[in-house]
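*Asks:*
In this note's numbering, the protein residues as written are 14 to 135.
#1: Check whether the stretch 72 to 90 touches the stretch 48 to 58, taking contact to mean three or more Cβ pairs, one atom from each stretch, closer than 8 Å.
#2: What three-state label does DSSP hand residue 91 in the structure shown?
#3: Does the Cβ-Cβ distance between residue 1 and residue 120 come in under 7 Å?
#4: By DSSP's criteria, residue 131 is part of a beta bridge. Which residues make up the other side?
#5: Measure from the alpha carbon of residue 73 to the alpha carbon of each residue in 106, 126, 54, then state which is nearest.
#6: State whether the stretch 31 to 45 contacts the stretch 88 to 105, with contact taken as three or more CB pairs (one from each stretch) at a distance under 8 Å.
#7: If you follow the beta strand (DSSP E) that residue 49 is part of, which residue opens it and which one closes it?
#8: For residue 189 versus residue 34, is the C-beta distance shorter than 7 Å?
#9: Let's see if you can read the secondary structure: which residues bound the beta strand (DSSP E) around residue 69?
#10: Do you know how far the Cα of residue 63 is from the Cα of residue 116?
#11: Starting from residue 77 and walking both ways along the beta strand (DSSP E), at which residues does that stretch end?
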């Protein structure tokens, strides 16, 4: 008799992350404050903080594009500011936070629900 073998199974759990933006309505040249938190679910955060990318949805291609990259603090919280300099006409801009893959981080990349910021043109 041969021993029973089981196929291996790889379970990938996405990182949890939240994102808030204030204010939600602003003018070209003004900055939005972005904040949120990475849910580590008991996993230790990297000593220098977890990398988080802020992305916007490009309407023409329906792809998420990078805006900036920041790091969390020791509790998994992050804060960043972004100034909308090049918006010439009114636009609704969808933003999300994405937790990036890193060595020793046990979770797969994951993204927050999008938030919409309305920017009035010049």
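Every residue, glycine too, gets a C-beta built ideally from N, C-alpha and C.
Everything numeric in this text was worked out from a predicted model, so none of it was measured.
*Replies:* The structure says:
#1: yes
#2: strand
#3: The requested residue 1 does not occur in the structure, where the chain is confined to residues 14 to 135.
#4: 38, 105
#5: 106
#6: yes
#7: 44 to 52
#8: This structure cannot settle anything about residue 189, because the visible part of the chain is limited to 14 through 135.
#9: 64 to 71
#10: 11 Å
#11: 76 to 84
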